[in-house]
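Residue numbers (the numbering used here): 22 to 293.
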């Protein structure tokens, strides 16, 4: 049974503010050890639950956070950028399930380090989504269900609204965007182990995320300059408010890569 793990950092045990997230920040080395703790706990439990192959995509920032010599030896690591379909790179239709580890709530929600890629808002077929929902739809377009999402309590609530059959593991409870009540590492490992085994036990009962085609995606950018750049993508439509770009997709590749290209173009602009 092949399992795909997309691992982010903001929803990892003990991570509460930007000091943990990027190289050079004071808590970054500690943050990557915490990330490895959560990912390894999930890998071990998945293997105990029957997984025969596990691919881990390091899906935070540059994708160079997880270290091979600190990762469970049974797993294969996708590392670095650029790469096609960024957070979901390497996922194919022959995987039994997707696990989102260390994920977070979408932009504007009261979760720890909540955001949605580099955007203010994303809607897919009229439904507001963050990284959890956007990536679940991509997996669904490939015919693969999301079985597990781990992060804070707000990530869990968001998951239950859009992927109600997925199992959620809660490793911290949000107090604000940069503070939380965090489980100890021992408590967190116990939670992650239990929830992973629960997810492994119900994979056969899960259906991929269903979405009507063509998929209509609306991306709201932080400012109009970003939207101007993103509007250069073929097939993009700039909506009247000036900061929202819309596009349609009939397949998984167009759905995800169009977003990636728009994000890359938008990030070439400065606010001032």
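Don't be surprised by glycine CBs; every beta carbon is placed ideally from N, CA and C.
Cβ shell of residue i (< 6 angstroms), same chain only, five flanking positions each side left out
i           : result
residue 66  : 214, 217 and 218
residue 210 : 62
residue 151 : 127 and 137
residue 239 : 144, 265 and 267
residue 104 : 110
residue 237 : 146 and 269
8 angstroms Cβ cutoff met for residue i and residue j
i           : j           : result
residue 23  : residue 117 : yes
residue 40  : residue 48  : yes
residue 231 : residue 161 : yes
residue 25  : residue 98  : no
residue 52  : residue 77  : no
residue 258 : residue 268 : yes
residue 134 : residue 182 : no
residue 147 : residue 114 : no
residue 170 : residue 107 : no
residue 273 : residue 159 : yes
Cβ-based burial, residue i [other Cβ within 10 Å; buried from 16]
i           : result
residue 203 : buried
residue 153 : buried
residue 175 : buried
residue 69  : exposed
residue 122 : buried
residue 33  : buried
residue 173 : buried
residue 288 : exposed
residue 205 : exposed
residue 85  : exposed
residue 193 : buried
residue 190 : buried
residue 132 : buried
residue 184 : buried
residue 55  : buried
Close beta carbons around residue i, own chain, < 8 angstroms, minus the five adjacent residues each side
i          : result
residue 57 : 87, 88, 91 and 92
residue 82 : 30, 42 and 43
Beta-carbon proximity list for residue i, same chain, < 7 angstroms, skipping 5 on both sides
i           : result
residue 282 : 254
residue 316 : The chain is shown only over 22 to 293; residue 316 falls outside these bounds and no answer can be derived.
residue 95  : 64, 68 and 75
residue 228 : 166
residue 241 : 140, 141, 142, 264 and 265
Integer Cβ distance of residue i from residue j, believed to fall under 8 angstroms
i           : j           : result
residue 179 : residue 127 : 6 angstroms
residue 168 : residue 120 : 6 angstroms
residue 80  : residue 27  : 5 angstroms
residue 286 : residue 251 : 5 angstroms
| query | What are the uninterrupted segments assigned as alpha helix (DSSP H) that are 4 or more residues long and contained completely in the segment 198-237, given in chain order? | reply | Within the segment 198-237, the complete alpha helix (DSSP H) segments at least 4 residues long are 206-223, listed from N- to C-terminus.
| message | What ranges does the beta strand (DSSP E) occupy inside the segment 128-183, keeping only unbroken runs of at least 3 residues that lie completely in it? | response | Taken in chain order, the complete beta strand (DSSP E) segments of 3 or more residues contained in the segment 128-183 are 142-145, 148-150 and 167-173.
| beta strand (DSSP E) segments (min. 3 residues) lying fully within the segment 55-81 | Entirely contained in the segment 55-81, the beta strand (DSSP E) runs reaching 3 residues are, in chain order, 74-79.
| Unbroken beta strand (DSSP E) runs of length 3 or more, entirely within the segment 240-276: which are they? | Fully enclosed beta strand (DSSP E) runs of 3 or longer: 265-270.
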